[in-house]
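Each protein sequence line maps, in turn, to chains A and B.
Every letter in the first sequence is one number past the one before it in my numbering, and letter 277, counting from 1, is 277.
Plus 1000 on top of the position in the second sequence (first one is 1) and you've got my numbering.
We treat Cβ as the ideally placed atom computed from N, Cα and C, and that holds for glycine.
Source: prediction; values computed, not measured.
Okay, structure first, notes after.
2 protein chains.
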Amino acid sequence: MTPREASADATDPALGFRAVVPAGGAGTRLWPLSRAGAPKFLHDLTGSGRTLLQATVDRLEPLTGPGGVVVVTGQRHREAVLAQLPGLDASAVLAEPSPRDSMAAIGLAAAVLLEREGDVVLGSFAADQVVDQGPGFAAAVREAVVAARAGYVVTVGIRATGPSTAFGYVRAGEPLGVAGAPSARHVRGFTEKPDAETAAAYLATGEYRWNAGMFVTRAQVLLDHLAEQRPALHEGLLRIASGWDSDRRGRLLAETWPTLEKIAIDHAIAEPVAAAGGVAVVPGDFAWDDVGDFASLSTLLPERGTGPRVLGDAADVVSLDAEGGVVVAGSGRVVTVLGLDDVVVVDTPDALLVTTRARAQELRSVVDAVRERGREDLL
Amino acid sequence: MTPREASADATDPALGFRAVVPAGGAGTRLWPLSRAGAPKFLHDLTGSGRTLLQATVDRLEPLTGPGGVVVVTGQRHREAVLAQLPGLDASAVLAEPSPRDSMAAIGLAAAVLLEREGDVVLGSFAADQVVDQGPGFAAAVREAVVAARAGYVVTVGIRATGPSTAFGYVRAGEPLGVAGAPSARHVRGFTEKPDAETAAAYLATGEYRWNAGMFVTRAQVLLDHLAEQRPALHEGLLRIASGWDSDRRGRLLAETWPTLEKIAIDHAIAEPVAAAGGVAVVPGDFAWDDVGDFASLSTLLPERGTGPRVLGDAADVVSLDAEGGVVVAGSGRVVTVLGLDDVVVVDTPDALLVTTRARAQELRSVVDAVRERGREDLL
């Protein structure tokens, strides 16, 4: 497979660029802060005053211009998304009847955008990541848009600050040679989360970066790849999109949505297309985190002496002889910690979690135990 | 000094015995469960369904007979005490305008009882201790009453289950030789809380027992000792007692109470009178604890596999890979603990404490920090 021809003038790299923001995922490893009814992306996890969703849109709108952002979210979160984004037109929120993973979400957005606007370049940026709001992100996206116009599926490879075992990696190959995208390279492949030794070996080569799951591509290119890789999913999404902005939407969703294959865009497109030479990577030299757990969350919060960092009102937290760690002060109560290092305390109005930074990755077991206790109301 | 003569027939050892229950103390080391407005003695700390105060009275009433218990407490706790003890006559609660330590509390009760009933034997038993409800306690008290009739100030020496550094000790000497009190011995002295090595040395002698601060004595004997040791305090208490059951009580309290010396009965009477040969000890071979901190509290709660013990509804506590420790589930929220051994989690509606069993003794520093934060409302 070779990159398809560019369909638009590339003199203004961002022209016609549209952002797709998948806002899904349970955020189980941030329970009890993140809940099924109020998942991670609806929360301010950095104390910035903006939720992850809001910060994502704040970052993208300057690049797309007004009306250039589409959010794909679950039906149950549609109202919350619109409430958090009062500048968004209701038509810019695509509500899924049920979660069908990232390929269906992004593919739906691509198909709807193709119907509405033709073959625009779109970039998919998850609503639940933390990205530095400086110029680095925009620089990466502009280059990615240029490479996308040249027919590539373009991912942003985040400069690794260490051999993380919490992220997948993307491996860069030869320079792409596309004018206006001087840093873009071919992707030699993607990897799942490695062990620590493997991660260190990756970084030693200089070829690997973190895969943030950001994909920039022309809508038609994405859908053509999908037609080749997953024809049934492609056909279903096109059928739904054909009636999205009509009175047929409800019927089409009811008939077709439940039949769609659940698959991540990484497996459906990024990996096979990369193997065929159709994926490029541009360097993303900015701070990024997917806030995968409370240990990760703690690194995003301001330091507070040697004590635990605080999400919420630090005036509500009293810590003595407690180094590191994180306290989420989320109930208005005073939280006191004495003599525990690297502790994680997450205080919400109806559920409390006490664990350690080292165990924060294992939170699923707690969520499972709460479910077994018959307390789905807390999940 | 020699023991004063018995003033009553000792054929029924419990005849005329009255119980005085000092219900005071902030219980700072059980914060945030214990508060100034709802101190330790008002709480059920064992999950028995009875508060410490209620359990204390439950234990004493069979020994005194109906109407034989007097509670001395702060004015602000009078209503709560009466609410918890509906069987108590209002006159049986002596309300102090301000805390003046245990000598004033017990001395007041002795003086009031002397006015009301003459020279009865009274025993003082703090409202905030946990005592096994089996026959051992009654057996010790009956023997103490006999020795008290013979003119001694009698303490109960608790059989030590280990070299505790959290309690003071009482050292037994020669047998008392009072008929009906075969186990009673002279007290050679009292000690403050020892270090671990000293505590072990104490136990090795076989002469030491824990000092639970239980004192049994005739009212007149106590007041005579007080007249010798602390004449001003004695005089003030007698003046107040003379008008207690009259319309002069308020005026007398207002005039005299604030002038009373603040001193513990241990220092005012037990130590000096012991040095003079006037104090006896009877063995208390029953389980006892003063619930001095959360580490101590945890040992009083039922085991729950290897996980933390729970005060409150165990259905609200989910622990995984967490051995030992204690969770006070006091807010109705679900408390989850992952991967922390010997943790102490105290969850109340407006304040949360997270610490360890090993640090539980240092809670005062947390309380001080909360006060410095301007949150006296939580103390």
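Query raised in the report: Does the region 317-337 of chain A come within contact of the region 76-90 of chain A, defined as at least 3 CB pairs closer than 8 Å?
Result: Touching, no, given that fewer than three Cβ pairs across the two stretches are closer than 8 Å.
Report task. Could you check if B:Ser1124 is buried or exposed, using at least 16 other CB atoms within 10 Å of its CB as the buried criterion? Result -> On the second sequence, residue 1124 of chain B is found 124 positions in, with the first residue counted as 1. It counts as buried.
**Report entry** 3-residue-minimum beta strand (DSSP E) runs that sit fully inside the region 245-314 of chain A, ordered along the chain
**Finding:** Entirely contained in the region 245-314 of chain A, the beta strand (DSSP E) runs reaching 3 residues are, in chain order, 279-284 and 309-312.
Query raised in the report: Does the beta-carbon distance from B:Ala1360 to B:Ala1295 come in below 8 Å?
Result: For this step, residue 1360 of chain B is matched to residue 360 along the second sequence. For this step, residue 1295 of chain B is matched to residue 295 along the second sequence. In this structure, B:Ala1295 lies closer than 8 Å to B:Ala1360 by Cβ.
Query - Limits of the beta strand (DSSP E) - the one that B:Ala1234 falls within - result: On the second sequence, position 234 is the one that residue 1234 of chain B refers to. Looking at the sequence provided, one finds His at residue 1234 of chain B rather than Ala. Looking at the DSSP string, B:His1234 is not in any beta strand (DSSP E); the run it does join, the alpha helix (DSSP H), is Pro1231 to Ser1242.
Query - Length at least 3, wholly inside the region 160-196 of chain A: the beta strand (DSSP E) runs in chain order - result: Qualifying beta strand (DSSP E) stretches, in chain order: 169-175 and 185-191.
Requested in this report: Given a cut-off of 8 Å, decide if B:Gly1157 and B:Gly1284 are closer than it, judged by their beta-carbon atoms.
Outcome: Reading the second sequence from its first residue, position 284 is the one you call residue 1284 of chain B. Reading the second sequence from its first residue, position 157 is the one you call residue 1157 of chain B. Contact flag set, yes.
Query raised in the report: Is it right to say B:Arg1309 is buried, meaning 16 or more other beta carbons lie within 10 angstroms of its own, or is it exposed?
Result: Locating residue 1309 of chain B in the second sequence gives position 309, counting from the first residue. B:Arg1309 should be labelled buried.
Query - A:Val355 vs B:Gly1339 beta-carbon contact at 8 Å - result: In the first sequence, residue 355 of chain A corresponds to position 355, counting from 1. In the second sequence, residue 1339 of chain B corresponds to position 339, counting from 1. In the sequence on display, residue 355 of chain A carries Thr and not Val. Cβ atoms of A:Thr355 and B:Gly1339: closer than 8 Å.
Requested in this report: Excluding the 5 residues preceding and the 5 following A:Val370 in the sequence, name in chain order all residues of the same chain whose CB lies nearer than 7 Å to its CB.
Outcome: Position 370 of the first sequence, counted from the start, is the residue given in the question as residue 370 of chain A. Excluding positions up to five away in sequence, the list reads Leu378 and Leu379.
Query - Length of the line joining the Cα atoms of B:Pro1066 and B:Glu1372 - result: Here the question's residue 1066 of chain B lines up with position 66 in the second sequence. Here the question's residue 1372 of chain B lines up with position 372 in the second sequence. Approximately 46 Å between the Cα atoms of the pair.
**Report entry** Closer than 7 Å at the beta carbon, the chain B residues around A:Gly236
**Finding:** The residue given as residue 236 of chain A occupies position 236 in the first sequence. Ordered by position in chain B, no residue passes the 7 Å Cβ test against A:Gly236, which lies about 40 Å from the chain.
**Report entry** Run of the alpha helix (DSSP H) containing B:Thr1404, from where it starts to where it stops
**Finding:** Here chain B covers residues 1001 to 1379 and nothing more, so residue 1404 of chain B does not appear.
Query raised in the report: Under the DSSP definition of a beta bridge, which residues are partnered with B:Tyr1208?
Result: As a working note, residue 1208 of chain B is residue 208 in the second sequence. Partner(s): B:Arg1171.
Query - Option in A:Ala287, A:Arg209, A:Thr56 and A:Ala196 with minimal Cα separation from A:Val380 - result: What the structure shows of chain A is the stretch from 1 to 379, and residue 380 of chain A is not part of that stretch, so it cannot be assessed.
Query raised in the report: What is the DSSP secondary structure of B:Glu1079, counted as helix, strand or coil?
Result: Taking the second sequence and counting its residues from 1, the one referred to as residue 1079 of chain B is at position 79. In the displayed model, B:Glu1079 falls within a helix according to three-state DSSP.
Requested in this report: Compute the distance between the beta-carbons of A:Leu33 and A:Thr348, then report whether it is under 8 Å.
Outcome: Looking up residue 33 of chain A in the first sequence gives position 33. Looking up residue 348 of chain A in the first sequence gives position 348. Yes; because the gap between Cβ atoms is below 8 Å, this pair is in contact.
Query raised in the report: How is B:Ser1098 classed by DSSP in three states: helix, strand or coil?
Result: Walking along the second sequence from the start, residue 1098 of chain B turns up at place 98. Note: B:Ser1098 maps to coil in three-state DSSP.
**Report entry** the region 356-367 of chain A: positions lying closer than 8 Å to chain B by Cβ
**Finding:** Under the 8 Å Cβ criterion, the region 356-367 of chain A contributes Thr356, Ala358, Arg359, Glu362, Leu363, Ser365 and Val366.
Requested in this report: Run down chain A in chain order and give the residues with a C-beta less than 8 Å from the C-beta of B:Ala1369.
Outcome: What you label residue 1369 of chain B is simply residue 369 of the second sequence in a count that begins at 1. What B:Ala1369 touches in chain A: Val318, Leu320 and Thr336.
Query raised in the report: Taking Cβ positions only, does A:Gly339 come closer than 8 Å to chain B?
Result: Within the first sequence, the letter at position 339 stands for residue 339 of chain A. With 8 Å as the cut-off, A:Gly339 counts as an interface residue toward chain B.
Requested in this report: Report all residues from its chain with a CB closer than 6 Å to the CB of A:Thr256; omit the five preceding and five following residues, and keep chain order.
Outcome: Position 256 of the first sequence, counted from the start, is the residue given in the question as residue 256 of chain A. These residues qualify, in order along the chain: Gly236, Arg239 and Ile240.
Query raised in the report: By Cβ distance below 8 Å, which residues in the same chain neighbour B:Val1021 in space, the five residues on each side in sequence not counted?
Result: Working through the second sequence from its first residue, we reach residue 1021 of chain B at position 21. If we look at B:Val1021 and ignore the five residues flanking it on each side, its Cβ neighbours are Leu1053, Thr1056, Val1057, Leu1060, Val1069, Val1070, Val1071, Val1072, Ser1124, Phe1125, Ala1126 and Ala1127.
Requested in this report: Note down the Cα distance separating B:Thr1011 from B:Arg1149, rounded to an integer number of angstroms.
Outcome: By one-based count along the second sequence, residue 1011 of chain B stands at place 11. By one-based count along the second sequence, residue 1149 of chain B stands at place 149. For B:Thr1011, the predicted model reports a pLDDT of 38, less than 50, meaning its position is unreliable and no value from the coordinates is stated.
Report task. Can you grab the Cα-Cα spacing for the pair B:Val1121 / B:Leu1233, in whole Å? Result -> Within the second sequence, residue 1121 of chain B is the residue found at index 121, counting from 1. Within the second sequence, residue 1233 of chain B is the residue found at index 233, counting from 1. Computed Cα separation, rounded: 21 Å.
Requested in this report: Please confirm if B:Leu1260 has its CB atom under 8 Å from at least one CB of chain A.
Outcome: Here the question's residue 1260 of chain B lines up with position 260 in the second sequence. The C-beta of B:Leu1260 comes no closer than 8 Å to any C-beta of chain A.
Requested in this report: If I'm right that B:Pro1163 touches B:Ala1199 with Cβ under 8 Å, what's the distance once you round it to whole angstroms?
Outcome: The residue labelled residue 1163 of chain B in the question sits at position 163 within the second sequence. The residue labelled residue 1199 of chain B in the question sits at position 199 within the second sequence. With a beta-carbon spacing of about 4 Å, B:Pro1163 and B:Ala1199 fall inside the 8 Å limit used to define contacts.
Query - 3 or more residues per run - each beta strand (DSSP E) lying fully within the region 89-135 of chain A - result: Listed in chain order, the complete beta strand (DSSP E) runs (minimum 3 residues) inside the region 89-135 of chain A are 93-96 and 121-124.
Query raised in the report: Are the CB atoms of B:Phe1215 and B:Thr1155 nearer to each other than 8 Å?
Result: Here residue 1215 of chain B refers to the residue found at position 215 when the second sequence is read from its first residue. Here residue 1155 of chain B refers to the residue found at position 155 when the second sequence is read from its first residue. Contact flag set, yes.
Query raised in the report: Excluding sequence positions up to five away, which residues of its chain have a Cβ less than 7 Å from the Cβ of B:Thr1028?
Result: Start at 1 with the first residue of the second sequence, and residue 1028 of chain B comes out as number 28. Once the five neighbours on either side are set aside, the close Cβ partners of B:Thr1028 are Leu1363, Arg1364 and Val1367.
Query raised in the report: Exposed or buried, B:Ala1023, counting other C-beta atoms within 10 Å across all chains shown (16 or more means buried)?
Result: Numbered from 1 along the second sequence, position 23 holds the residue referred to as residue 1023 of chain B. The residue is buried, with at least 16 neighbouring Cβ atoms inside 10 Å.
Report task. Give me the Cα-Cα distance between A:Asp247 and A:Leu253, rounded to the nearest whole angstrom. Result -> As a position in the first sequence, residue 247 of chain A is number 247, starting the count at 1. As a position in the first sequence, residue 253 of chain A is number 253, starting the count at 1. Roughly 11 Å between the two C-alpha positions.
Report task. Measure the C-alpha to C-alpha separation of A:Gly189 and A:Val317 and round it to an integer number of angstroms. Result -> Numbered from its first residue, the first sequence carries residue 189 of chain A at position 189. Numbered from its first residue, the first sequence carries residue 317 of chain A at position 317. Rounded to the nearest angstrom, the gap between the Cα atoms of A:Gly189 and A:Val317 is 45 Å.
Query raised in the report: Under a CB-based cut-off of 8 Å, is B:Asp1350 close to chain A?
Result: The residue labelled residue 1350 of chain B in the question sits at position 350 within the second sequence. Yes, its Cβ sits closer than 8 Å to a Cβ of chain A.
Query raised in the report: Any Cβ of chain B within less than 8 Å of the Cβ of A:Leu30?
Result: Working through the first sequence from its first residue, we reach residue 30 of chain A at position 30. For A:Leu30, the answer is no, since every Cβ of chain B falls outside 8 Å of its Cβ.
Requested in this report: Taking C-beta pairs closer than 8 Å, name the residues in chain A that B:Asp1347 reaches, listed in chain order.
Outcome: Numbered from 1 along the second sequence, position 347 holds the residue referred to as residue 1347 of chain B. Within chain A, the residues near B:Asp1347 are Leu352.
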